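Working notes, beginning with the structure itself.
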Amino acid sequence: MSATFDARRDPVFSARIDALRLFAILLTVVFHLQPTPSSPLARGLGDGWLLTKLYADSFLMPSGLMLFTTLTAYLQLSRATPRPYLMLVRQWARRLLVPLVAFSLPVVLVVLALQVGGHFEGFHGHQLVPFHALAFVDALVGLTRHPINVPLYFLKDVFLLLLISPGVAWLTRRTGPLLLVVVVAVDCLGLPAPIFQTWTLPTGFALGAWLEQRRDLLAVVDRRGPLFLLLAGAVASGLVFTLFLGAGPERFTPPAWLEAANRLAGAPACWWLTRFLVGPPLARAVRWLQTYGFPIFTMHAMCMAVLWTGFNATHHAPGSALFWVYWLATVPVGVAAPVAVALVAERVTPRAWAFMLGQSGAPAARATSPRSASAPD
């Protein structure tokens, strides 16, 4: 791609990117709906529920998570006017690490207080009592595993990817898709990621770097969108039935190569579907919800965890009438509750809210915009 192209300055292209970001966030919310297929609590829900949940977790959702970093790489590397590296590092730290700490700290403190009272032992693999500083930091930012506010591992991993983005850009300009092929191959082999939680985000970043050089491929996707959607559905179906028909303790652990293929197959379909989000009748609602995409991303998991904990406290069995009320209401609440918090915070404490979103000193309206309040472009 020509170095003069800047995706931010193309209004149509920019709108598609913002819509894709929101789409990926909403897919992530659906993924975090409990219980998981592997949970013992899910055994009495029947095959219909199991297939529904497996499809919700497999069709497009893994691609949505990967596309977060695809967008980040694409936008960062397509800047028409490159900025000094150290200035960018400061910007990345403010927009990623500040929200990581700001949205993790309240959750960690609540879990710490609960564990002092003898509850939530080993919550998400984190044991904070007795207190150790390293365990506290691990729960806060995810040094050795996911942080307690699980989705926020994304912010740390994206920061690390951006630190190496000049090298990624240099390699991609000289080798074309070779870097992407290598990362995908490693992902397919199921090898551990040395400094990242998984290979999903590095794969997306390498894909974004290559697409920045080959923007023409997005036009091909737009022309052949239905075929890519069918391909994504076929691969996801293969993954779902591999899990559904499996047996034994590893039933819900599919082959690494099949997971990688599913993520890549769904990426073009996700891009093609955004064309329906930027036109009538959805455009106005989508633009409004985009404003609160980052608060939804950072807070939805804990809102949904509270609902799941509350349901379990009622001692109603999965499959009861109350369970289905919980199950159908949780995703809407997981979206609506963060939006409500954002609406209140940007009016009551606009500067503090802007700081939490990584926009220190920014007006509240700007701080919750889809561009400035998401992963840095």
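Mapped onto my numbering, the consecutive letters of the sequence shown carry residue numbers 3 to 379.
Just so you know, even glycine gets a beta-carbon here, dropped at the ideal spot from N, CA and C.
If you're wondering where the values come from, they're calculated on a predicted model, not measured in any experiment.
Only counting the same chain, and skipping five residues up and downstream in sequence, which positions put a Cβ closer than 7 Å to that of residue i?
{"i": "residue 182", "result": "208, 209 and 212"}
{"i": "residue 246", "result": "52, 53 and 56"}
{"i": "residue 233", "result": "267"}
{"i": "residue 340", "result": "294, 297, 298, 301, 302 and 305"}
{"i": "residue 22", "result": "69, 73, 272, 273 and 276"}
{"i": "residue 65", "result": "265, 268, 269 and 272"}
{"i": "residue 152", "result": "126 and 303"}
{"i": "residue 62", "result": "29, 234, 268, 271 and 272"}
{"i": "residue 256", "result": "241, 244 and 245"}
So the candidates are the options; which of them puts its Cα closest to the Cα of residue i?
{"i": "residue 24", "options": "184, 100, 127 and 300", "result": "300"}
{"i": "residue 259", "options": "61, 237, 280 and 224", "result": "237"}
{"i": "residue 285", "options": "150, 189 and 17", "result": "17"}
{"i": "residue 203", "options": "158, 230 and 243", "result": "158"}
{"i": "residue 228", "options": "193, 278 and 206", "result": "278"}
{"i": "residue 216", "options": "147, 175, 189 and 256", "result": "175"}
{"i": "residue 124", "options": "103, 107, 147 and 108", "result": "147"}
{"i": "residue 335", "options": "307, 355, 348 and 289", "result": "307"}
{"i": "residue 50", "options": "290, 321 and 352", "result": "321"}
{"i": "residue 44", "options": "27, 314 and 116", "result": "314"}
{"i": "residue 205", "options": "71, 48 and 33", "result": "71"}
Determine the burial state of residue i: buried for a count of at least 16 other Cβ atoms within 10 Å of its Cβ, exposed for fewer.
{"i": "residue 145", "result": "exposed"}
{"i": "residue 6", "result": "Confidence at residue 6 is low in this model, with a pLDDT of 48, below 50, so its placement is unreliable and the value that follows should be read with caution. So residue 6 counts as exposed."}
{"i": "residue 101", "result": "buried"}
{"i": "residue 97", "result": "buried"}
{"i": "residue 14", "result": "exposed"}
{"i": "residue 325", "result": "buried"}
{"i": "residue 136", "result": "exposed"}
{"i": "residue 316", "result": "exposed"}
{"i": "residue 172", "result": "exposed"}
{"i": "residue 59", "result": "buried"}
Under 8 Å by Cβ, that's how I've got residue i and residue j pegged, so tell me the actual separation to the nearest angstrom.
{"i": "residue 309", "j": "residue 328", "result": "6 Å"}
{"i": "residue 122", "j": "residue 113", "result": "6 Å"}
{"i": "residue 67", "j": "residue 30", "result": "6 Å"}
{"i": "residue 201", "j": "residue 185", "result": "7 Å"}
{"i": "residue 94", "j": "residue 138", "result": "Their Cβ separation, rounded to whole angstroms, is 24 Å, which puts residue 94 and residue 138 out of contact at 8 Å."}
{"i": "residue 198", "j": "residue 154", "result": "Not confirmed; about 14 Å, so no contact."}
{"i": "residue 189", "j": "residue 262", "result": "4 Å"}
{"i": "residue 78", "j": "residue 193", "result": "Contact doesn't hold; Cβ gap of about 26 Å is too wide."}
Once the 5 residues before and after residue i are set aside, which same chain residues still bring their CB inside 6 Å of it?
{"i": "residue 254", "result": "39, 40 and 245"}
{"i": "residue 311", "result": "none"}
{"i": "residue 128", "result": "141 and 150"}
{"i": "residue 4", "result": "Low local confidence applies: a pLDDT of 44 at residue 4 is under 50, so the model's placement there is unreliable, with the coordinate-based value given in what follows. Cβ within range, chain order: n/a, list empty."}
{"i": "residue 118", "result": "131"}
{"i": "residue 367", "result": "In this prediction, residue 367 scores a pLDDT of 47, lower than 50, which makes its location untrustworthy; the coordinate-derived value is nonetheless stated afterwards. Result list for residue 367: empty, nothing under 6 Å."}
{"i": "residue 36", "result": "310"}
{"i": "residue 12", "result": "none"}
Excluding the 5 residues preceding and the 5 following residue i in the sequence, name in chain order all residues of the same chain whose CB lies nearer than 8 Å to its CB.
{"i": "residue 191", "result": "258 and 259"}
{"i": "residue 219", "result": "213"}
At least one CB of chain C closer than 8 Å to the CB of residue i: is that the case?
{"i": "residue 341", "result": "Protein chains in the displayed structure number just one, and chain C is not present."}
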